[in-house]
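Numbered per this note's numbering, the sequence shown spans residues 29 to 345. The block underneath contains the structure these notes are about, expressed in structure tokens.
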Amino acid sequence: MKKLSEFLATCPFKGSQKSLQSIMLAVVEAAKSIHKDVNRGGLTDIYGSAGSQNIQGETQQKLDVIANDRLIEQLNISGEICLIASEENDDLILTNSPNSRYVFCTDPLDGSSNIDVNISIGTIFSVFERVSAVGSQPELADALQKGCKQILAGYVLYSTATVLVFTTGQSVSIFVYDEDIKEFISLQEDVKIPQSGKIYSCNEGNALTYTQGVQNYLANCKTKKYSARYIGSLVADFHRNMLKGGLFMYPSTEKDKNGKLRLLYECNPLAWLAEVAGGAASNGEVNILDIEPQQLHQRVPLFIGSKAMLQEALSFL
Ligand code: AHG
Ligand code: MN
Ligand code: MN
């Protein structure tokens with residue numbers, strides 16, 4: 029059984045092998061700590077709100093803040109990251125290594141509404157090479173890069189098992205956390221998403237405010253007797269669709285004209301994983317990975333998963 033450290037030693041990467049290993053070590057150390065808290069449930073004081081709001085206008089849950097702090101701490105220790113864009117921080121975070129080459133975008137805890145009810149949640153990450161010159165002050169442009177420029181992206185899914193799924197562009201790999209030996213062990217290499225499927229995921233509570241095209245596509249799913257599956261944690265819905273085939277949608281709604289999901293640290297990393305695994309992702313008009321970000325916490329509509337299902341959905345939009 030191949031350990032993550034062995035896999036990383038030869039995993040193709042745009043930067044140095046050492047940088048990849050250090051960045052992934054930071055992700056894994058933070059993930060192990062979040063895994064421990066998540067698996068203790070209410071026994072550790074991680075339930076409930078932190079009593080603060082983030083820029084998203086959402087009440088931060090205690091575990092949102094804990095996960096964010098752990099990740100930032102580990103990324104500082106890695107010495108590889110010069111700038112962090114986090115869902116939980118209004119502004120960019122300058123790290124203790126301003127001359128490092130890499131930028132890290134993250135949703136430290138995805139699916140916050142599920143923390144207190146023992147349903148799967150996740151951590152999502154996306155890494156770029158900085159565009160500003162090493163030695164200069166890292167800047168917003170380093171974070172506002174198109175998704176097609178990513179060099180590393182992935183997620184951790186804290187569920188019945190804790191799995192790490194990531195890509196550096198050539199293939200998607202799944203590793204499972206073995207608590208006995210405190211290591212992530214290779215489960216599947218070169219994961220491919222089924223070209224089509226019969227599972228659609230969206231919050232149908234918003235359906236009456238979807239565009240007519242999206243509503244027509246939903247009617248089509250019902251006529252074709254697809255299965256509706258919606259967990260409320262993007263990472264969990266995405267992971268199931270990647271393994272079984274399916275389409276996840278968070279279209280624009282009356283409340284969120286640009287949808288709810290954030291381009292930099294939810295849509296881009298998952299869109300790249302989907303593409304490398306043979307699937308696709310769109311905002312309803314263009315490939316997610318081709319969208320030029322304008323703001324740090326920019327939201328875009330998201331349609332992501334099996335290629336044939338996405339094409340069918342787009343034909344209705
Ligand atoms: P986060 O907890 O990081 O804010 O993300 C929650 C997201 C995503 O995980 C999920 O798919 C979506 O919110 C669910 O939104 P609704 O509750 O509006 O359906
Ligand atoms: Mn999220
Ligand atoms: Mn989050």
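Backbone N, C-alpha and C define an ideal beta-carbon position, used for all residues, glycine too. Bear in mind that the values here come from a model prediction, so they are computed numbers and not experimental data.
Discussion item. For the region 268-279 against the region 228-246, do three or more pairs of beta-carbon atoms, one drawn from each stretch, fall closer than 8 Å, so that the two count as touching?
Written reply: yes
Worksheet item: Which whole-angstrom value describes the C-beta separation of residue 75 and residue 64, a residue pair presumed to lie in contact below a C-beta threshold of 8 Å?
Response: Here residue 75 refers to the residue found at position 47 of the sequence shown. Here residue 64 refers to the residue found at position 36 of the sequence shown. With a Cβ gap of about 15 Å, residue 75 and residue 64 do not count as contacting.
Worksheet entry | Range covered by the beta strand (DSSP E) that runs through residue 205 | Position 177 of the sequence shown, counting from 1, holds the residue named residue 205. First-last of the beta strand (DSSP E) with residue 205: 200-206.
Discussion item. Taking 7 Å as the cut-off, is the beta-carbon of residue 138 closer than that to any non-hydrogen atom of ligand 2?
Written reply: Residue mapping note: residue 138 aligns to position 110 of the sequence shown, counting from 1. Yes, ligand 2 has a heavy atom inside 7 Å of this Cβ.
Worksheet item: So, helix, strand or coil for residue 316, using DSSP?
Response: Your numbering for residue 316 matches position 288 in the sequence shown. In the structure shown, residue 316 adopts helical secondary structure according to DSSP, grouped into three states.
Practice prompt. Go ahead and label residue 303 buried or exposed: buried means 16 or more other beta carbons lie within 10 angstroms of its beta carbon, across all protein chains shown.
Written response: Here residue 303 corresponds to residue number 275 of the sequence shown, with the count starting at 1. The residue is buried, with at least 16 neighbouring Cβ atoms inside 10 Å.
Discussion item. Is residue 135 near ligand 3 - that is, is its Cβ less than 7 Å away from at least one heavy atom of it?
Written reply: One-based indexing of the sequence shown puts residue 135 at position 107. Because some heavy atom of ligand 3 lies under 7 Å away, the Cβ of residue 135 counts as near it: yes.
Practice prompt. Just mark residue 173 as buried or exposed, buried being the case when its beta carbon has 16 or more other beta carbons within 10 Å.
Written response: Looking up residue 173 in the sequence shown gives position 145. Under this definition residue 173 is a buried residue.
Worksheet item: Identify the residues that DSSP records as bridge partners of residue 192: which are they?
Response: Numbered from 1 along the sequence shown, position 164 holds the residue referred to as residue 192. Residue 192 pairs with 184, 203.
Item to complete: Flag this pair as yes or no: are the beta carbons of residue 214 and residue 224 separated by less than 8 Å?
Response: Along the sequence shown, read from residue 1 onward, the residue named residue 214 stands at position 186. Along the sequence shown, read from residue 1 onward, the residue named residue 224 stands at position 196. No. Outside cutoff.
Worksheet item: According to DSSP, is residue 172 helix, strand or coil?
Response: The residue you call residue 172 lines up with position 144 of the sequence shown. Reduced to three states, the DSSP call for residue 172 is coil.
Worksheet item: Which one of 192, 296, 141 has the shortest CA to CA distance from residue 60?
Response: Your numbering for residue 60 matches position 32 in the sequence shown. If we check each option's Cα against that of residue 60, 192 comes out closest.
Item to complete: Compute every distance between the C-beta of residue 318 and the non-hydrogen atoms of ligand 4, then say whether any falls below 7 Å.
Response: Ligands present in the displayed structure are limited to ligand 1, ligand 2 and ligand 3, and ligand 4 is not among them.
Item to complete: Using three-state DSSP, classify residue 295 as helix, strand or coil.
Response: Numbered from 1 along the sequence shown, position 267 holds the residue referred to as residue 295. Residue 295 falls in the helix class under three-state DSSP.
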